[in-house]
Structure formats: structure tokens, C-alpha cells
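A.B. asks: Sharing a structure, written as C-alpha cells. Questions coming.
Protein chains: 4
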Amino acid sequence: MAGPDIGTVREYISKYSNWRRWGEHDERGTLNHVTSKDITYAASLVKKGRSISMALPFDENGPQQGTYNRFNPIHLMTRDGADVVANTSVRDFYGGVDRYFRGTDDIVILPLQSGTQWDSLAHVVFENKIYNGYDADQVSSKGALRNGVCNAAGGMVGRGVLLDIARSMGVPWLEPGTAIGADDLDRAAGQQGVEIRKGDFVFVRTGAIAQARAAGAWGDYAGGPAPGLGLKSIDWVAGHELAAIATDTWGMEVLPNETADVFQPLHIVFIVHLGLWVGEIWDLEPLATDCAQDGVYDFLFCGPPLPFTYAVGSPVNPMAIK
Amino acid sequence: MAGPDIGTVREYISKYSNWRRWGEHDERGTLNHVTSKDITYAASLVKKGRSISMALPFDENGPQQGTYNRFNPIHLMTRDGADVVANTSVRDFYGGVDRYFRGTDDIVILPLQSGTQWDSLAHVVFENKIYNGYDADQVSSKGALRNGVCNAAGGMVGRGVLLDIARSMGVPWLEPGTAIGADDLDRAAGQQGVEIRKGDFVFVRTGAIAQARAAGAWGDYAGGPAPGLGLKSIDWVAGHELAAIATDTWGMEVLPNETADVFQPLHIVFIVHLGLWVGEIWDLEPLATDCAQDGVYDFLFCGPPLPFTYAVGSPVNPMAIK
Amino acid sequence: MAGPDIGTVREYISKYSNWRRWGEHDERGTLNHVTSKDITYAASLVKKGRSISMALPFDENGPQQGTYNRFNPIHLMTRDGADVVANTSVRDFYGGVDRYFRGTDDIVILPLQSGTQWDSLAHVVFENKIYNGYDADQVSSKGALRNGVCNAAGGMVGRGVLLDIARSMGVPWLEPGTAIGADDLDRAAGQQGVEIRKGDFVFVRTGAIAQARAAGAWGDYAGGPAPGLGLKSIDWVAGHELAAIATDTWGMEVLPNETADVFQPLHIVFIVHLGLWVGEIWDLEPLATDCAQDGVYDFLFCGPPLPFTYAVGSPVNPMAIK
Amino acid sequence: MAGPDIGTVREYISKYSNWRRWGEHDERGTLNHVTSKDITYAASLVKKGRSISMALPFDENGPQQGTYNRFNPIHLMTRDGADVVANTSVRDFYGGVDRYFRGTDDIVILPLQSGTQWDSLAHVVFENKIYNGYDADQVSSKGALRNGVCNAAGGMVGRGVLLDIARSMGVPWLEPGTAIGADDLDRAAGQQGVEIRKGDFVFVRTGAIAQARAAGAWGDYAGGPAPGLGLKSIDWVAGHELAAIATDTWGMEVLPNETADVFQPLHIVFIVHLGLWVGEIWDLEPLATDCAQDGVYDFLFCGPPLPFTYAVGSPVNPMAIK
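Residue numbers (my numbering), protein chains in the order written: chain Y, 76 to 397; chain A, 76 to 397; chain G, 76 to 397; chain V, 76 to 397.
In C-alpha cells:
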């Protein structure tokens, strides 16, 4: 019996594609699942008044190793304080009038998907189309005229749920190549005593970042084999009508791919056809520790992208508020 | 009688400096004012389930005009979709195996304070020192070893309050050079029926962005004369023990400066000595419209910086949740 | 009688196109005109032992004003010397072992055609084709697979000739909109006592940079109306079989265009069809002054581009050696 | 007997320092050795009319591996040709008027010393001073106010001499750690039948790039152990009063350092005190092959840096003309 292939992908698409569901001009995809009631309900989950970041530091020690033309952020000072101490007059842009005040300033060169990030709905092309059927040439050298990351700039607020798959399996982390299925997601939810609701932001912990930390090096964390969502999770993800899904891996889904002839089949089904917002390289360790301590796995989530116009991705500092 | 000068600045410093208040190693400044109760209380303000972004788009149409070595973000595609349509094989980094999947990717070159932003506590140097008394050479060409913007990465969540100064004065915007004082802040709060509490995140609307939009051009919005907080607001700001303050102007305080011999005296008092987090270039227009409609001026605020290591500022997409 | 239009352009193309002249795989275009004898002859022109640069400084005071997505170079230090004086230990990448040695380092962000530059033969697309008939999709988001600027990396050496059009007309500079024709080129050559030979590198001085300096501001030098080569120069340029042509303007040819329905018709004829290398924003002032003084207008020229792989242009520091 | 150390370095400095030799405002250093006669003589060496580039391609496959905060050039398209073929209208900055003409454009992000390069005389700091005794704080976050690379923009033309050390020793390359001394330099010159003259530009081939090519990977070429000039070459280099010296290694001198307590002692003696211009990462392979074939090892050299204002280094495409 043949394994999964492009035919499998097409079947999922025919079952779950959301193209035109929210109109022919929609660019928000699954964020349409979130209602104002979801937000007020999410706010009611804030009980102990603690905010927990899910972002990795953005710096030269990030996970990128040059694959896919991505590199770690390059941070550069345009004016620094040592100049002041050294009494160098060059950068005194206040014209020498002021003996007291001096400012410092900096810039960054940042591949938008090099660290903790959101994929936009323009990030993946399948057979010359992006989400909602727009032609792929709408993403030109100018950027994404359609489905840019700005479409999520005012959203990305709602109920967040952590599903700690590694912990529910009693392991520190899933090994690369481990495919997560509906049963794994349900088991974690059950053990945690949390239910999944339409419009939720679900964060799936594989422990991959814990593994990299234990190893003391990123290795091929960014771009290599990884645990992640498998084909057998698609019914679950599509059925729950999530607002977004994020993982602590570089590519959300399991690598190597389960389909021999298609790269990243879940990216195709989720991003191109469900219009699902996907987050990657999220550091779920501090949140997982907190959830394990208080036994509470749902919370208010706030994690909007930066509104870079025409961008196909965005860095984010996602916040869980409990 | 002489006008305000460096002596005035020194008086405010001697009254309000928070150096060592939270220990000799503190780098969080006024974020120390925020308690877990403040966060749960803030969450209780979420009533109608609406999230409102206070960020400007980050793109080449931003407000920067080259002053202070700042420029608008430069966004560049590393792989785009038109290549796919044109059937160019070059960027097929999946090795030609895959006929179906194609990804797009992009990078940005971003002065960290070019758009909607947080100043870190390392952004301003006064007499060779930064906040909490650290030597300014701790901000070297490597970046801010002390007081970097990362210190706020897990915080910036609490009760937000909009003070719509322009509306409370019945004008569409304050003219450049208008200094806002304690009386203006109290009048707005009174009219709006909102009180200020310790640990609040206060957003002061001058209408400067509305003015630029009405003009159809940024002009010298970024770097030129502007309305903003004046010396007579310092007692109010320091006395209320705010977590942070942000404005819809490029530099928070009134320009030209009220002190003839010191540039940006409030930056010195607030950032260097209070350890107050300052936000600038915030687009308060959508929030102001919403608040005017429902009469509610306080809300849950979530606006963490991106944790760029050693950075002296950060872009932010600040979110009001009502 | 109708003015020149796309039909005119097509006529020139049918007369002068060099497609396939040097084989179907050629990417060097008119550099094929240069022989080893031309180089030895050019070296024989070196008489007084003086080298004169034709490059503008590359910095934030360059001519770019943001048109065509070009900006002036952004130069940033990654390690500076003030840190050393301030005794900041951060950037001591030598591990603290060394008390003596310290290095400085820097980077630049550079639009490749923002300053003194060469256009590659991939810079202009006409009806979906680039030089020698390659499809335009050979220039993808990856860069120029064909006709990249690297093709000139080992060449750009030969006999240089300055034609000082402004001086030959007795004016400090030609006004924007002035079209230079064959008669102007011949008059200058005649007055200067210099003949044009096959394989020459010809530099045409309009005085545009002198004009900008006299004005004390670049104004719309880069992107606006300019003097330059006109349609009536095409027979001359094509007939002389030059190796390259360069001017002291941003766009080589006269602006506004003489053709109502085609932008930059000479770029189409020269770059796409002749395969002619075009240099722009060359500072010909020091060379012109020297030539006027010694009456010698030909010299050894050496001005190779930097071999940026897949690039469509390159900065250059072109050198005249007399 | 103790090995060489900081005392050794100080002895060389006391013997050879050129501080103030060309006046207290000099920033050109050893370029002062080049006379107009040297240039005319060099031009007379052009016999066969061939130009040979000594530059590596500048691209993502360059030698940098992230050490010393250097990375390989990042090349990005701002407008490409595939857009044109795909008929995407976004980047038609000509306003849609023109159906025919389309341009492509690109930018590069370039550490100035990441590839074939010149060190400026501001690149190395020794005991808080740079060449000619300027204080190191003249190199601030703004850049090199003194001794910037622009000082060589109009020079770098003269007689070039290749000394092929590897070939003269009968090996394909020198192993890392091999120190080249005066005897090695003289032996190569003798075998090649070439004499060294004051004002020469001398290029020393170790074969390190050939070794990397043979290995099929750069490995730690950029930043690791390398063959190069040793302490016993200093008398030779200083005594010959060279204009500049360049090698096919990342750091010119032998690594590991011969001095236990000082990093790169030759950089200190040469750059800080001789004011000697140093080139690194030069691809001497094609030139070496040519010289071995015709037996001629001297030629006209032209290799000016790009005049980046305030820069401490510059990429270069150095040209040998024979």
C-alpha cells in the first residue's frame, strides 16, 4: 500500500479548504473564528496576574544557521555611550549646544522569520496560488500585496491553550521525526483538564528548545529534522476551528515529511487552504513550567505581529497572561 | 527672572530620582510599580471583547526623514511568488524534488526607534550615566550591557489609560510647541471620568498623527517641533508612579525645549532618573475614537518590546483590550 | 509629424542589436570590443604618473533622495575605538587575553546603484527580455542568473577618453533636458584633439555634479530631469563600438525622455540590445580639471565592478591613470 | 630564553614607526612612498595587454563563518525580472505609462572586511592610539574621523609584484601556522627574477585559497590558524618601504601568533606604526598561474578602495595589468 502523497494533500484540501468562506476578498483566514465573546472570556481567565513571554531573545545566538537564506538578527549601534565617555564629539547631533544630554540609538537587520515568528497567509505557495485563491504573483519583489502579515496586526488576542505533548508523554522532549496526531493532542488536553474551543490559540510543546538547551547548541534545530504535527493531526486542527497554532519548532510540522513527493504538506493544507495562522520558534519552556506548577493551561493570549507592510512574516513577543 | 535650565533639571532629579530604589542591580525601573493585582484588575476591564492596535504600519511611508540617522524600515523579499509563476528555478531551495510547495521569505532593515517604539532605560545618557547610575560606557558598540530593552520583555502588561488631551481641549490637535502640564492631564482625566493609579500605563494623545494625516504628509513630525509633556507635568508623572508613558509624538516631550541649555530635559528626568519607560510614535487615533464612542478610557494593556538583546529601543505593536 | 516613439526605438534595435553577435551564451556584451592591443596601447598613454578617481564618496550625503527605492549608503560600526578608550570590555573578542591589540570593524548597507556605479546587462528589461535574448525571469528574487555584473569583473581596463561637452560649449554645465547628439560629441573630440577608437571607454561630462555643488544641494539630481545622451547620439555610440560609456548624471540619457511612450529609450537600445556597459553618477570634475590643464583627454582606464554574484549593478571607484 | 612578546613588538615600533614622518596630519601612511615615476614605470610593464582580477566573488558562499561579527555579503533584489514576466504591476514605478521598459535593482549588506579587502589605517588600535598617534576615540560609533579608508581612494596605483612563496617552496600551499620570513621572501624574489623597489605593492601567495578549494570548503579559513608573515619578515617589509602588502589569507600574518601576550603583532607594527596598507583575502590563484606561465612577476597594479566615508575597511576588486 502506497504511503501518503500529493493525493493525500489534495483530499485534505477538498475537505477543509476555507477559500471564499469569508468572502472573496478575505485575507484574515482563521482569525475570523475569534469573536468578541472569546476575548472577554479569555480575559476572565486572568487569575494570578502574571504575564509570561513566549519569545526567544532576538540576537546573534539565535537558532539560524544560514539555511533558507535566514540568518540571526544583526544588531548595530548608530550612537553609543562609550563615545560619550571618551568625549568624542562626532556623534553629538545636538550641535554641541548641549553639554548634558546624549542619546544612543541602534538598528537591526532581521529576517522576519528568523526567530519567534508568525507566518503570514502569503508565506506558502501551492500550485501558483496563496490563501483564498490569490495568484502567487501577488507576492512580488515588492512584497505581499495580498495576505500580508499586517492583516493580523489588530488581532491575535483571545484564549490561549498550551498542550504540553512532551510532558503528557512523560519525556523531556519528542525526538526529531516524531509525528503528533489527534490522539496525542487529545491525551494532553485530557491530562491537563482543558478543552479546546473554536477560536482558540493553541500552543503545542514538543520540548525541542529544551533539547537544544540541554545540548548547549542549536545544531540543526532551524531547518533540520524535528518533531511536529503530522498528517493525522489535520482532522483535529481543522475540526476545532482554531484561530492559530504555534509550536516550539522551526517548522510546526514533523520533519522529515510524511509525504515523499511534497515538502511540508501541513503548510499547504493549513496556511494555503485553511488560512490558519502558524507560529514557529516559540519558547514554550517558561509557560510550560508555570502551567505544570499551577495546573492551569488556558489563559489570555496577546501576540500581534508587528505591522510590516507587505511582509510575509513577522517577529513577535507573544504573551500569555494568567 | 531666569527661565528653566540645567538647575531646574537637577532639582527634579534630586526630588524624584529612583536610582537604587529597587536595588543596585535594577534595570527594570518603573515596571517595578506593576503588581500582579494590577494585572488581574486590568483584565477585569475587558468588557466588550475588542482589541485595538496602537501601532503605525512599519514601512517606507513612515514618519522618518533622515534626522538623527533614523530612516524608515527597508523591507526586502528574499524569495517571492512571482518567481514561482514565472517558473524560475533559481529559488527552489527544495532541490527541485518538489513540484508543489514553494515558500516566500523576507527581511527588514529597521532602526529600532523609527516607528511605534519603546525607549529602553539605556537610551539616554546624562553626565556619563544611564539609569540607576550605570556608566554610559556600558552602552558600547556592542550594545547596551545594562538597561537594554529586554528588561521589559516579560512585562508591559497592566492597566492602560488614554488621556485624550486634544479632545479635552476641544481641538483636533495641539499645535507644535504646546507644553502639556499637570492641569491638562487632570482636566482630561476628570472629563473622561477616569482616575490614574500607581502602576498604570498612560497614553497621552496630542493629535499630532491626526494633524500629519490631515496635512497628507509627515513633514517634520519626526524630529521637529511638537506638542508634548512640559516641565510642569513632571510632578504629576513622578507622583503617580506610572509604569510607563507613551505619546503620539516622536519625542514624548514638548519641542522646542523649555530649557535653553539642555536638550530634552524630560528624557533626562524620566528615563535616566525615574527609570520610566517611554513610548513614542504611537498611533492613538483608533483608540481615541473608540474611547470617545463608549466613554471608557481604561483597559487592559499588552505591549511588550521584542527582546532584542543589548538593544536600546524596540518596535512594538501595543494593544489595548477593552 | 509625429515625434519619436516606440517605433523609433525598434528601428535602432533592428539596426544595431548585438544579440548573438558573440554567441548565444555571451554575457559580456561590448567588453568583447576590447583587445589586448587596446590595453597595451592604453598603458602607453601613461605619461605623468597620476591617478585620478572618478568616484563620489559613498556616504549619507550622497545624491539619493529615496526615488526608485534607492537610498544613500548606511555605514555602521560593529566595533569602534571609543570603546577601547572608555575601557569597555564588551567588544574585546580576543577573550581578554590581550591588553594591547584592539580592532575596529564596520559594515555598509548599500543599494548597488546608489552612487558611482556600473549598470549590468541585466539591469534593463524590454518586452520580457534582457541582453542577448535571455528571458527576464532569469533575474529573479535570487538575482541575475544571466548578465550579472560579475561578467565585467576581470575587464573594464582599456583606453579611457573624456569628452567634456560642457567645456566644449563654453558653459559650466548643461541644463537639465539638454540632449547630447553626435555633433556635440564630435565637436568636443575635435576641440580636445582626441579621436575615438573601437573598444574605448568614453566618459561624457555634462557638468551636472558641478551644478549640484554650486547649488549646495543634490536636489533631484538622482531621479529628476537631467542633461544626457539623446536619440541623435545613438548612431555615434553604436558606430564607434565603444566598450562602455559613463556620465556624471544619474541616468546617462537625457530626461525627460524624447519618446512619449517609452521610458529611457537609450537604456533599451544600449543595455538590452547593444550590450553596452553604462556607468552613472561618475564624478568627472577632478579629471576634467586635469585634462583642461594638460590638454590630454585620453588615458589608461581601470574601473572593474566589485564581483557581487548575481548582482544587477555595482559600485565602482573608476580610475584614470595619466 | 623567553619567546617574543610585547617587548619584541615595542622594539620593532621604536625602530620603524613612521608617526609624524609625513607630518602630524598625515593619514596616507605608506602610500606616500609612491611617486609619479613609480606609476609611469609600472605602466611600462604592461606588455601583453591582459588584466587579471585578484577578487573573490562577493556572495553568500564567501569565507566568513560568523567570527569577529563578520558574515558573508547578503544580496537582495528590490525589483526583479520575474515580476515583469509574471506581469505583476506592483513594482512598475514608472507609473504604468510605459509598457516596454522595466528596470531591476538590488542592494547588498556587506561587512567591509568580509571578502577581498583593504584594512584602513584606522582598523587597529594599540594602547589607545591609531596610526600617526591619533587617539582611538577618533574611531567612534560614527566611524573613523581619522585614517579612514577614503585616504587611499585616489591612490593604490603603482608597480605590483607577486611573491609566490608556495611555488618557490615547491608546495601547493603553506600549512597553517607557517611563518614567512625575510629569507622566504628573498628566495621567491630570486627564483622569480624580480627585485623589490620602494613604493611597490607586494602580494604574498601562501596558497591558502587553493587549499580551501581543494578541500571544497572554507572551514576556518576566515579567522582560524593560517600561514602568513612572521616576525622575521618585519625588517624586510619595513626596509623595502612598500606602498602596501596583501595576502591570500584572512589576516596577513601567521596565526597562531608568535607572541604569547599580544594578538596579531604585525598588525600593530605595520598598520599602527608603519602606516602600511594591508590587503587580505585576495585571490592570487589566477595571477599566480599567469605569472608561472610567462615568468613575469611584476605588473601595473590598480586597486583603489571604494571611498566609503569614515570606513575602517573596504572591499576591492584589485587588478593586475600585464
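Built from N, CA and C at the ideal position, the CB exists for glycine as well.
Short of 7 Å Cβ to Cβ, which residues in the segment 200-212 of chain V face chain Y?
C.D. replies: Residues passing the 7 Å Cβ filter: ASP212.
A.B. asks: Run down chain G in chain order and give the residues with a C-beta less than 8 Å from the C-beta of THR153 (chain Y).
C.D. replies: Near THR153 (chain Y) (Cβ distances below 8 Å), the residues of chain G are LEU151.
A.B. asks: So is LYS112 (chain V) buried or exposed if we call it buried at 16+ other beta carbons inside 10 Å?
C.D. replies: Exposed: under 16 other Cβ atoms inside 10 Å.
A.B. asks: What are the residues that DSSP puts in a beta bridge with ASP194 (chain G)?
C.D. replies: ASP194 (chain G) pairs with G:VAL353, G:GLY388.
A.B. asks: Taking 6 Å as the limit between beta carbons, can you name the residues of its chain near ARG262 (chain G), skipping five residues before and five after?
C.D. replies: Result list for ARG262 (chain G): SER243, in chain order.
A.B. asks: Does SER89 (chain G) have its Cβ less than 8 Å from a Cβ in chain Y?
C.D. replies: Not closer than 8 Å to any Cβ of chain Y, the Cβ of SER89 (chain G) fails to qualify, so no.
A.B. asks: Using a threshold of 8 Å, state whether the C-beta atoms of TRP293 (chain Y) and GLN192 (chain Y) are closer than that.
C.D. replies: No, they are not a contact pair.
A.B. asks: Strictly by DSSP, which residues pair up with ARG177 (chain V)?
C.D. replies: ARG177 (chain V) pairs with G:VAL200.
A.B. asks: Output the residue ranges of the beta strand (DSSP E) runs that lie fully inside the segment 278-347 of chain A and measure 3 residues or longer, sorted by chain position.
C.D. replies: Listed in chain order, the complete beta strand (DSSP E) runs (minimum 3 residues) inside the segment 278-347 of chain A are 319-322.
A.B. asks: Which residues bound the beta strand (DSSP E) around SER126 (chain Y)?
C.D. replies: From DSSP, the beta strand (DSSP E) with SER126 (chain Y) extends over 126-128.
A.B. asks: Does DSSP classify HIS150 (chain G) as helix, strand or coil?
C.D. replies: DSSP places HIS150 (chain G) in strand when its eight states are reduced to three.
A.B. asks: According to the neighbour-count rule (16 or more other Cβ atoms, all chains shown, within 10 Å of its Cβ), is GLY378 (chain G) buried or exposed?
C.D. replies: GLY378 (chain G) is buried by the Cβ-count criterion.
A.B. asks: Who are the neighbours of ASN144 (chain V) on chain G, taking C-beta pairs under 8 Å?
C.D. replies: Result: THR153, ARG154, PHE168, ASP180.
A.B. asks: How many angstroms separate the CA atom of SER215 (chain A) from the CA atom of ASN203 (chain A)?
C.D. replies: Using only the alpha carbons, I get a separation of about 12 Å.
A.B. asks: Run through chain G and tell me which residues come within less than 9 Å of ALA161 (chain A), C-beta to C-beta.
C.D. replies: Neighbours of ALA161 (chain A) on chain G, chain order: ASP210, ALA211, ASP212, SER215.
A.B. asks: Measuring alpha carbon to alpha carbon, tell me which residue in G:ALA219, G:TYR175, G:THR179 is nearest LEU196 (chain G).
C.D. replies: It is G:ALA219 whose Cα lies nearest to the Cα of LEU196 (chain G).
A.B. asks: Counting C-beta neighbours from all protein chains within 10 Å, is the total for LYS90 (chain Y) 16 or more, i.e. buried, or is it exposed?
C.D. replies: The residue in question, LYS90 (chain Y), is exposed, as its Cβ has fewer than 16 Cβ neighbours within 10 Å.
A.B. asks: When the Cα atoms are used, what is the spatial distance from PRO247 (chain A) to GLY282 (chain A)?
C.D. replies: If you take the alpha carbons of PRO247 (chain A) and GLY282 (chain A), they lie about 6 Å apart.
A.B. asks: So which residues on chain A does ASP158 (chain G) lean against when the C-beta distance must stay under 9 Å?
C.D. replies: Those within 9 Å of ASP158 (chain G) in chain A are ASP212, SER215, SER216, LYS217.
A.B. asks: Which residues in the same chain have their Cβ closer than 7 Å to the Cβ of LYS217 (chain A), if we skip the five residues on either side of it in sequence?
C.D. replies: Cβ neighbours of LYS217 (chain A) beyond the five flanking positions: TYR385.
A.B. asks: So, is the C-beta of GLY171 (chain Y) closer than 8 Å to a C-beta in chain A?
C.D. replies: For GLY171 (chain Y), the predicted model reports a pLDDT of 45, less than 50, meaning its position is unreliable and no value from the coordinates is stated.
A.B. asks: What residues in its chain sit with their C-beta under 6 Å from that of GLY256 (chain Y), if we drop five residues either side in the sequence?
C.D. replies: Excluding residues within five positions, the ones whose Cβ falls inside 6 Å are GLY305, LYS307, SER308.
A.B. asks: Using a beta-carbon distance below 8 Å, is SER164 (chain A) in contact with chain V?
C.D. replies: Its pLDDT being 47, under 50, SER164 (chain A) is placed unreliably by the model, and nothing is read from it.
A.B. asks: Specify the secondary structure class of ASP210 (chain A) as computed by DSSP and reduced to three states.
C.D. replies: In the structure shown, ASP210 (chain A) sits in a strand (DSSP, three-state: E or B).
A.B. asks: So, with DSSP's three-state summary, where would you put LEU362 (chain A)?
C.D. replies: It is helical.
A.B. asks: For PRO382 (chain A), which residues in the same chain have their Cβ closer than 6 Å to its Cβ, ignoring the five residues on either side in sequence?
C.D. replies: Here the set comprises CYS225, ALA228.
A.B. asks: For the putative contact between ARG234 (chain A) and ALA363 (chain A), defined by C-beta atoms under 8 Å, what is the C-beta separation to the nearest angstrom?
C.D. replies: In fact, because the Cβ distance is near 17 Å, the residues do not count as touching under 8 Å.
A.B. asks: If I'm right that THR334 (chain Y) touches GLY124 (chain A) with Cβ under 8 Å, what's the distance once you round it to whole angstroms?
C.D. replies: In fact, because the Cβ distance is near 39 Å, the residues do not count as touching under 8 Å.
A.B. asks: Do PRO186 (chain Y) and PHE133 (chain Y) have their C-beta atoms closer together than 8 Å?
C.D. replies: Not a contact, by the Cβ cut-off of 8 Å.
A.B. asks: Hey, how far is the Cα of GLY314 (chain V) from the Cα of LEU120 (chain V)?
C.D. replies: About 24 Å.
A.B. asks: Taking the straight line between their C-alpha atoms, what separation do you get for GLY171 (chain G) and ASN392 (chain A)?
C.D. replies: No answer about GLY171 (chain G) holds up, because its pLDDT of 45 lies below 50 and its placement is not dependable.
A.B. asks: Assign GLN188 (chain G) to buried or exposed, taking buried as 16 or more other Cβ atoms, counted over all protein chains shown, within 10 Å of its Cβ.
C.D. replies: So GLN188 (chain G) ends up on the buried side.
A.B. asks: Under a CB-based cut-off of 8 Å, is LEU381 (chain Y) close to chain A?
C.D. replies: Yes, its Cβ sits closer than 8 Å to a Cβ of chain A.
A.B. asks: What residues in its chain sit with their C-beta under 7 Å from that of ASP358 (chain V), if we drop five residues either side in the sequence?
C.D. replies: Within the same chain, ASP358 (chain V) has close Cβ partners MET129, ALA130, LEU131, THR191, ILE284, ASP323.
A.B. asks: Would you kindly check if the distance between the Cβ of VAL236 (chain Y) and the Cβ of VAL269 (chain Y) is under 8 Å?
C.D. replies: Going by C-beta atoms, VAL269 (chain Y) is nearer than 8 Å to VAL236 (chain Y).
A.B. asks: With DSSP collapsed to three states, give me the class of ILE88 (chain A).
C.D. replies: Here ILE88 (chain A) sits in helix by DSSP.
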